[in-house]
Structures are given as C-alpha cells and as structure tokens.
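Visitor: Quick note, the sequences are listed as chains A and B, same order.
Per our numbering, the very first residue in the first sequence carries number 333; after that it's consecutive.
Per our numbering, the very first residue in the second sequence carries number 333; after that it's consecutive.
No residue lacks a Cβ here, since even glycine has one placed at the ideal position from N, Cα and C.
The structure presented is a predicted model; accordingly, all values stated were derived computationally and were not measured.
There are 2 protein chains.
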Amino acid sequence: MGLIVALDSYERASDVVRATCGIVDGFKLGLPLLLEVGAERALELRRFCSGAFWVADLKLADIGHVMVAAASRLVGGVDAIIAHSFVGVAGALEDLKLFLESKSTKLILVVAMSHPGAAELYEKLLDQILDEVAPKVGPWGVVAPATRPELVRLTRRKLGPSVKILSPGVGAQGAQPGSALCAGADYEIVGRAITASEDPRRKAEAIRVAQGRALERCAGGA
Amino acid sequence: MGLIVALDSYERASDVVRATCGIVDGFKLGLPLLLEVGAERALELRRFCSGAFWVADLKLADIGHVMVAAASRLVGGVDAIIAHSFVGVAGALEDLKLFLESKSTKLILVVAMSHPGAAELYEKLLDQILDEVAPKVGPWGVVAPATRPELVRLTRRKLGPSVKILSPGVGAQGAQPGSALCAGADYEIVGRAITASEDPRRKAEAIRVAQGRALERCAGGA
Chain A
333 MGLIVALDSY ERASDVVRAT CGIVDGFKLG LPLLLEVGAE RALELRRFCS GAFWVADLKL
393 ADIGHVMVAA ASRLVGGVDA IIAHSFVGVA GALEDLKLFL ESKSTKLILV VAMSHPGAAE
453 LYEKLLDQIL DEVAPKVGPW GVVAPATRPE LVRLTRRKLG PSVKILSPGV GAQGAQPGSA
513 LCAGADYEIV GRAITASEDP RRKAEAIRVA QGRALERCAG GA
Chain B
333 MGLIVALDSY ERASDVVRAT CGIVDGFKLG LPLLLEVGAE RALELRRFCS GAFWVADLKL
393 ADIGHVMVAA ASRLVGGVDA IIAHSFVGVA GALEDLKLFL ESKSTKLILV VAMSHPGAAE
453 LYEKLLDQIL DEVAPKVGPW GVVAPATRPE LVRLTRRKLG PSVKILSPGV GAQGAQPGSA
513 LCAGADYEIV GRAITASEDP RRKAEAIRVA QGRALERCAG GA
C-alpha cells in the first residue's frame, strides 16, 4: 500500500517533506521544482527524509545522449528517474537504461497518461509499449494513470507481478485513494491534495486510511 | 538561413554565447543545462547576447497543469519553449498554448525525432500529428530532424510556409550543414560541433559558409 507525494513547487516543499516523512513512502520531484531551483538545491530536500524513496520526474523524452546528460544531474541524489516510453529503444531508452544501471539508479517508464488528449495519440501505442518497449528496456517500474484503472489492470496483466506500477491522478485529478491500488498499482502519487493542504500530515494520514479501506473493499469483493 | 546553437552544459556556455553572438541567430537552452543551474541562472546567459532568439528546450511532455508550471519558470526570459506534440491537445497542449500566448512566448512542437527508435513509435503518429495536432494547436514553429530530410519536406508540405521548422541533428548526429534548410527548414540546430570546438566562433562561421554553399547548390538544382 504505497503513497508518494508529488512536489512541484519549492516554496512549501521542505515543510511538506518534514510533515509527511514516515507517513508516506516517497517523494517525487517534478520538473517545475527542478527548474525553479536547479538539481542541486532540489536534491537537498532529501535531508528532511533521507530514508524515503525519491524519484525525479523528468519525463525524459529525447535522444539518448541528451537524456543521459539530464539524468547525470540527478543520479546519486534520487533512487529513480522517470522517462517516456514513446521515444523508443534504439538511440534513446537503451542508452538511458545502461547509464542508470551503471549508477545504480532505477528507471521508471511512463506507459500511459491521465489527461483526455492521451487517448488521441499515446494510447494508440499502448500495446506496442507494453508488448515490445517495456520488455526490451526492462524498467524497474512504470507509470500508469489512476484515473484509468483499466489501463493499470492491463499494464499489470501484460508486465507481470515484478514490475512496480506508480499511478498519478489521485486527488486533484479525480481518482479516489486506493482505486489504482485495487487495479494493481504499487504506489499512488498524490500532489496538490497533500501539498496544498493546510495540514499535509493529517491529509496524508487520511489518504492512507482511505487507501486501506478501499483495499479491504476490493480484496473482499475479489 | 538560420543557425541556432544548442547549449547543454553550463561550463563553457557563456564563452560560447559570447564567441558566437552576431554569427548565429539564436541559442537553445537544453534540459541538462537548465537542471544543472536552475532556470534563473540559465536565463542570465542571455545578457551575453540579448538580441538573439532564445529557446528553452524542455521537450515538455506532461499534463497541461505541469507543463504550464514548468514553462512558468522560463517565460519572460526566453522567446520560445519546446514541447512534444505526442501528448495531444485536450488537457495538455491546449493549456500550454493558452498560457504561453498570455505571456507572449512562442510555442514550438516536436513533430518528429532523429534517433533510430523514433521510427518504431513516434513516426507512426506523424500523419495525425501533422494533420490534426499541429493545426489545432497552431504552434509558431515545429522541430523535425535534419537527419531525415524527407520528414522535413513532408512537414513543410503539410503545415505550409508560415510555420517555422527547426532541425536538430546537424554535426555530431550526422546531418550536413544546409541539408535541412534545403529540405525546407528555417533553422538548423547545432550543438557539440560548435560547443565542443576549440574555436566556437570560427566553427560557427564555417557552418554558415557550408549552409550557404548547400543552399546555392540545392536552389540551383531546383
């Protein structure tokens, strides 16, 4: 039953990390925050909760050379880095995977997205991404949207039990806590619902409780 | 006959900008550089050549909310921002376009990429990107690879004369200077061939000359 907090603004980030450390499993550093203060200062946030799982959400989508250069600013400071599967393997994800392996950093691939426009394009490649790209690249984890539990289920079915599934979209984007976990995800990613809350710790605890209840219901129903 | 220098590392960036200012048309700030020092310090490079055309190559590929937050770190400091067309319009590029318009910042969309893996996935959506996504979003410019001149020609034919075409892949990635211009591009983007050169100014001048010669040849042949 996993919960990761998405941090997209530096302003309250250290307060949120301190308040929710021990309650949540990890933190996701978003591109807006990384651009705001640069990688070095962003990585210093880890000192407020060093044992948690830290992810850099670069959503890398470039040729291998550039993705490796971008990732090199963050390896050592985070446990995992997120890239897009749609850039393909040759000359792109194969280079990034090799580099991250050499730096003991996990690769997480976006396989599907949560917004309406994703159905127009990204989803058309979903079978190819799940059947060809992901098996070839062998990521530690993948990102699939909590707002589309059927895509989470499909991802779990196709990629098997060992790959981790991280699901954004819980909270402000509309998915209920626990809904992605019930569909087979390992972690739900929650941003504004926690970071914009007046009491991030209490909010995170409430989401934990809601996740537990949802899991009891769906396990009972199964 | 356009030439833009891609800056992906901060180390020599200010020297390269100073050396090539007046020779080239613009500079592209890559994600590796932006992560390295943060947006604010990266934007200070502009003072070494303020009249040039400055582009932030974020290759944004996220939901609208996050792309807008990332872009907000750079608007005011650059003339244009690059995003991926494959994320689609609804809930993604429509939000970014509106935001950038409100900040008088140009939107540039990647429509195709230069590495081998791009043929596996991205290119399968090329017709849809050129026929539906680009016309709906109405970007100021698009990115199409110099290494694939047939894609540059197709992009020009489908999107018409008013959209700007920027073509990376000249130099280290293998395309000859002028090859993309001959195929219909407005700007060629050159990175390492200039930034890693011992004499960036002379190298930029040599590329200008090579571009001119190539254009004479292809115009003569047309």
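(1) Measuring only the C-alpha atoms, how far is B:C550 from B:D518?
(2) Residues of the stretch 522-553 of chain A with a CB closer than 8 Å to any CB of chain B: list them in chain order, please.
(3) Does any CB atom of chain B fall closer than 7 Å to the CB of A:A450?
(4) Between A:K490 and chain B, is the shortest Cβ-Cβ distance under 7 Å, so that the two count as touching?
(5) Evaluate A:L430 with the Cβ neighbour count: other Cβ atoms within 10 Å of its Cβ, from every protein chain shown; 16 or more gives buried, anything less gives exposed.
(6) Pick out whichever of B:I413, B:G449, B:L425 has its Cα sitting closest to the Cα of A:A424.
(7) Can at least three beta-carbon pairs, one atom from the stretch 453-470 of chain A and one from the stretch 408-419 of chain B, be found at a separation below 8 Å?
(8) In whole angstroms, give me the CA-to-CA distance for A:Y342 and A:G362.
(9) At least one CB of chain B closer than 7 Å to the CB of A:G408: is that the case?
(10) Taking one C-beta from the stretch 527-540 of chain A and one from the stretch 493-509 of chain B each time, how about it: are there three or more such pairs within less than 8 Å?
(11) Please go through the same chain and pick out, in chain order, the residues whose beta-carbon is closer than 7 Å to the beta-carbon of A:F380, but skip the five residues on each side of it.
(12) Beta carbon of B:V474, beta carbon of B:L441: below 7 Å?
(13) Classify B:A554 as helix, strand or coil using the three-state DSSP reduction.
(14) Between A:A403 and A:L392, how many whole angstroms is the CB-CB distance? I'm expecting something under 8 Å.
(15) To the nearest angstrom, how far is the alpha carbon of A:A478 from that of A:R405?
(16) Within a Cβ cutoff of 6 Å, which residues of the same chain sit near B:G383, ignoring the five residues on either side of it in sequence?
(17) According to the neighbour-count rule (16 or more other Cβ atoms, all chains shown, within 10 Å of its Cβ), is A:A554 buried or exposed?
(18) Counting C-beta neighbours from all protein chains within 10 Å, is the total for B:S436 16 or more, i.e. buried, or is it exposed?
(19) Of the residues A:E464, A:R534, A:R378, which one's Cα is nearest the Cα of A:V387?
(20) Check whether the Cβ of B:R344 lies closer than 7 Å to any Cβ atom in chain A.
(21) Under 8 Å Cβ-Cβ, which residues of chain B neighbour A:Y454?
(22) By the criterion of Cβ-Cβ separation under 8 Å, what are the contact partners of A:P364 in chain B?
(23) For A:Q460, which residues in chain B fall below 7 Å Cβ to Cβ?
(24) Taking the CB atoms as reference points, tell me whether A:G516 and A:R485 lie closer together than 7 Å.
(25) Just to confirm the assignment, what range does the beta strand (DSSP E) spanning B:D389 have?
(26) Taking B:V407 as the reference, give the member of B:H397, B:I395, B:A371, B:V398 with the closest Cα.
(27) Span of the beta strand (DSSP E) holding B:K360?
(28) Measure the Cβ-Cβ separation of B:A412 and B:L428 and say whether it is below 7 Å.
(29) Go to A:H397, then tell me how far its alpha helix (DSSP H) extends in each direction, as first and last residue.
(30) Starting from the C-beta of B:M333, find all residues in its chain whose C-beta is less than 8 Å away, skip the five residues before and the five after it, and write them out in chain order.
(31) Could you check which residue in B:Q508, B:F385, B:L483 has the C-alpha nearest to that of B:I336?
(32) Of the choices B:R534, B:P467, B:S446, whose alpha-carbon is the least far from that of B:E426?
(33) On the DSSP letters alone, give me the boundaries of the alpha helix (DSSP H) that A:A481 sits inside.
(34) Counting only Cβ pairs nearer than 7 Å, list the residues of chain B close to A:L498.
(35) Got a sec: which bits of the stretch 508-521 of chain A sit with their beta carbon under 9 Å from any beta carbon on chain B, in order along the chain?
(36) With distances taken Cα to Cα, identify the nearest neighbour of B:I521 among B:I497, B:L366, B:R534.
Guide: With the given structure in hand:
(1) By 1-based counting over the second sequence, the position of residue 550 of chain B is 218. By 1-based counting over the second sequence, the position of residue 518 of chain B is 186. The C-alpha of B:D518 is placed about 15 Å away from the C-alpha of B:C550.
(2) Correct list: empty, as no residue qualifies.
(3) Position 118 of the first sequence, counting from 1, holds the residue named residue 450 of chain A. Yes, because at least one Cβ of chain B sits closer than 7 Å to the Cβ of A:A450.
(4) Sequence index remark: in the first sequence, residue 490 of chain A carries index 158 (1-based). For A:K490, no Cβ of chain B is located within less than 7 Å of the residue's own Cβ.
(5) Here the question's residue 430 of chain A lines up with position 98 in the first sequence. Within a 10 Å sphere around the beta-carbon of A:L430 sit fewer than 16 other beta-carbons, which makes this residue exposed.
(6) Position 92 of the first sequence, counted from the first residue, corresponds to residue 424 of chain A. Relative to A:A424, the option among B:I413, B:G449, B:L425 whose CA is nearest is B:G449.
(7) Result yes; three or more Cβ-Cβ pairs closer than 8 Å.
(8) Translated into the one-based positions of the first sequence, residue 342 of chain A becomes position 10. Translated into the one-based positions of the first sequence, residue 362 of chain A becomes position 30. Cα atoms of A:Y342 and A:G362: separation of roughly 10 Å, rounded to the nearest angstrom.
(9) One-based indexing of the first sequence puts residue 408 of chain A at position 76. Chain B places no beta carbon closer than 7 Å to that of A:G408, leaving this residue out of the contacts.
(10) The stretch 527-540 of chain A vs the stretch 493-509 of chain B: no contact.
(11) Walking along the first sequence from the start, residue 380 of chain A turns up at place 48. So the qualifying residues of the chain are S346, V349, R350, C353.
(12) Numbered from its first residue, the second sequence carries residue 474 of chain B at position 142. Numbered from its first residue, the second sequence carries residue 441 of chain B at position 109. Closer than 7 Å, so yes.
(13) Here the question's residue 554 of chain B lines up with position 222 in the second sequence. Confidence at B:A554 is low in this model, with a pLDDT of 47, below 50, so the placement of that residue should be treated as unreliable; the coordinate-derived value is given next. Coil, per DSSP.
(14) As a working mapping, residue 403 of chain A is identified with position 71 in the first sequence. As a working mapping, residue 392 of chain A is identified with position 60 in the first sequence. With a Cβ gap of about 7 Å, A:A403 and A:L392 count as contacting.
(15) The residue given as residue 478 of chain A occupies position 146 in the first sequence. The residue given as residue 405 of chain A occupies position 73 in the first sequence. Rounded to the nearest angstrom, the gap between the Cα atoms of A:A478 and A:R405 is 29 Å.
(16) Working through the second sequence from its first residue, we reach residue 383 of chain B at position 51. None.
(17) In the first sequence, the residue the question calls residue 554 of chain A occupies position 222. Residue placement at A:A554 is flagged as unreliable, the pLDDT there being 47, under the threshold of 50; a coordinate-derived value is accordingly withheld.
(18) Residue mapping note: residue 436 of chain B aligns to position 104 of the second sequence, counting from 1. Exposed.
(19) The count along the first sequence starts at 1 and reaches residue 387 of chain A at position 55. Ranking the options by Cα distance to A:V387, first place goes to A:R378.
(20) On the second sequence, position 12 is the one that residue 344 of chain B refers to. Under the Cβ distance rule, B:R344 does not count among the residues neighbouring chain A, no pair being separated by less than 7 Å.
(21) Numbered from its first residue, the first sequence carries residue 454 of chain A at position 122. A:Y454 reaches chain B at F418, V419, G420, counting residues in chain order whose Cβ is nearer than 8 Å.
(22) The residue labelled residue 364 of chain A in the question sits at position 32 within the first sequence. Near A:P364 (Cβ distances below 8 Å), the residues of chain B are V398, A401, A402, S404, R405.
(23) As a working mapping, residue 460 of chain A is identified with position 128 in the first sequence. For A:Q460, the chain B residues whose Cβ falls inside 7 Å of its Cβ are L453, in order along the chain.
(24) For the purposes of this step, residue 516 of chain A is taken as residue 184 along the first sequence, with counting starting at 1. For the purposes of this step, residue 485 of chain A is taken as residue 153 along the first sequence, with counting starting at 1. In this structure, A:R485 lies closer than 7 Å to A:G516 by Cβ.
(25) What you label residue 389 of chain B is simply residue 57 of the second sequence in a count that begins at 1. Element bounds for B:D389: 385-392.
(26) Within the second sequence, residue 407 of chain B is the residue found at index 75, counting from 1. For the residues B:H397, B:I395, B:A371, B:V398, the minimum Cα distance to B:V407 belongs to B:A371.
(27) Within the second sequence, residue 360 of chain B is the residue found at index 28, counting from 1. Where B:K360 is concerned, the enclosing beta strand (DSSP E) stretches over 358-362.
(28) For the purposes of this step, residue 412 of chain B is taken as the residue at position 80 of the second sequence. For the purposes of this step, residue 428 of chain B is taken as the residue at position 96 of the second sequence. Not a contact, by the Cβ cut-off of 7 Å.
(29) Stepping through the first sequence from its first residue, residue 397 of chain A is reached at position 65. Where A:H397 is concerned, the enclosing alpha helix (DSSP H) stretches over 396-404.
(30) Translated into the one-based positions of the second sequence, residue 333 of chain B becomes position 1. Correct list, in chain order: L513, R540, Q543, G544, L547.
(31) Here the question's residue 336 of chain B lines up with position 4 in the second sequence. The candidate whose alpha carbon is nearest that of B:I336 is B:F385.
(32) Numbered from its first residue, the second sequence carries residue 426 of chain B at position 94. Cα-wise, what sits closest to B:E426 is B:P467.
(33) Here the question's residue 481 of chain A lines up with position 149 in the first sequence. According to the sequence shown, residue 481 of chain A is Pro rather than Ala. Here the alpha helix (DSSP H) through A:P481 covers 481-491.
(34) Locating residue 498 of chain A in the first sequence gives position 166, counting from the first residue. Within 7 Å Cβ-Cβ: nothing; A:L498 doesn't reach chain B, min ~14 Å.
(35) Flagged: no residues at all.
(36) As a first step, residue 521 of chain B is located in the second sequence; it is residue number 189 there, counting from the start. When each option's Cα is compared against that of B:I521, the closest is B:I497.
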